[in-house]
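J.: This structure is in structure tokens; I'll ask about it shortly.
Residue numbers (my numbering): 920 to 1257.
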């Protein structure tokens, strides 16, 4: 994939405009087939909202990457691109089935586990310990964890799309500076799709991406994090992708801990995410989302500097960020969700 500025710009603008064009089509499709996300006591929207917007994201991304790979692909063969796109499409299909008919959380996790194992078998997993069972375990934990984090994050208008866009742009910045054309191109295409979808998904949302979209985005972000390479010690190269996705990770950890402390299932829906807790503190929906955007943008930008900095300033910044995030986590945990 081309590493030139114009090549990257073409990928981003193509995916952005493509998703802007296809999202209204997905909206009309959902209305025609009467595919709506119905409001419940566990959700904050008050009226039915079409929720197969992921179709626009998936279609646009697939076309953008396939076209980009035909132009130039110096660091990836067609087999690698076909594999990752195939796995992402599989999860999008699983998510779409959940949107249309509903499937159990266990079935979704099993599908993510299968995709993670396929990544390991393809040799694209982490290589931290050089011990296969440990590296495979970390790869599976990362893929399933990040995929679920972005899936669970889809609880408020524009939240998953915005954070996926921010994370993807941070991954692009690091990848482009290190001549990782595949990772940079995947990141830019994903950012364009996520940000293009925001036009119809930001509050008040006209359409939701559904599980078909959030699983697709989350899985691709997890894969991009695995493939990211830059000149630094292994420990830092492992922590930077986690930090880029830190807000999603903190939100998921917050939800799981909160539900376990109450004796309820972590897979049970509820209004106990970071975004919901901001509402309890008096924030409006747009301000809650913007606050989380701002936090994610600061953390993602800092992550790019961490990847490019010398050892001492990088570790100082990394530790500072996580101390702040831990403070936010424990402060949010104390906010009542009743």
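Don't be surprised by glycine CBs; every beta carbon is placed ideally from N, CA and C. The model shown is predicted, which means the values in this text are computed figures rather than measured ones.
Looking only at DSSP bridge pairs, what is residue 1045 linked to?
T.: DSSP, once it has assigned bridges, lists no residue as partnering residue 1045.
J.: Check for me: the alpha helix (DSSP H) holding residue 1070 runs from which residue to which?
T.: 1051–1071
J.: Would you mind reading off the limits of the alpha helix (DSSP H) that contains residue 1206?
T.: 1204–1227
J.: Which of the three DSSP states is assigned to residue 1251 in this structure?
T.: Judged by DSSP in its simplified three-state form, residue 1251 adopts helix.
J.: If we call anything under 8 Å between Cβ atoms a contact, is residue 982 one with residue 926?
T.: At least 8 Å separates the beta-carbon of residue 982 from that of residue 926.
J.: Using the rule of at least 16 other Cβ atoms within 10 Å of the residue's Cβ for burial, across every protein chain shown, is residue 1196 buried or exposed?
T.: Buried.
J.: Per the contact definition of three or more C-beta pairs closer than 8 Å, is the region 1115–1131 in contact with the region 972–986?
T.: yes
J.: For residue 928, I'd like the list of residues in its chain whose CB is within less than 6 Å of its CB, leaving aside the five on either flank, ordered along the chain.
T.: none
J.: With burial defined as no fewer than 16 other Cβ atoms inside 10 Å of the residue's Cβ, what is the status of residue 1239: buried or exposed?
T.: exposed
J.: Quick check: residue 977 and residue 1131, are their CB atoms within less than 8 Å of each other?
T.: yes
J.: Kindly list the residues whose CB is nearer than 8 Å to the CB of residue 1086, restricted to its own chain and excluding five residues on each side of it in sequence; keep chain order.
T.: Only 1140, 1163, 1164, 1167, 1215, 1219 meet the Cβ criterion.
J.: Can you find the residues in the same chain that come closer than 6 Å, C-beta to C-beta, to residue 1003, ignoring five residues on each side of it along the sequence?
T.: 1142
J.: Please return the same chain residues whose Cβ sits closer than 7 Å to the Cβ of residue 1048, not counting the five positions on each side in sequence.
T.: Excluding positions up to five away in sequence, the list reads 1054.
J.: Counting Cβ pairs, one atom from each stretch, are 3 or more of them under 8 Å apart for the region 1090–1105 and the region 1050–1065?
T.: No contact exists between the region 1090–1105 and the region 1050–1065.
J.: From the DSSP output, in three-state form, read off residue 1076 for me.
T.: Looking at residue 1076 - three-state DSSP - the assignment turns out to be coil, as it is neither helix nor strand.
J.: Is residue 1026 near the ligand MN, with its Cβ less than 7 Å from a heavy atom?
T.: With respect to the ligand MN, the structure shown offers nothing to examine, as it has no ligands at all.
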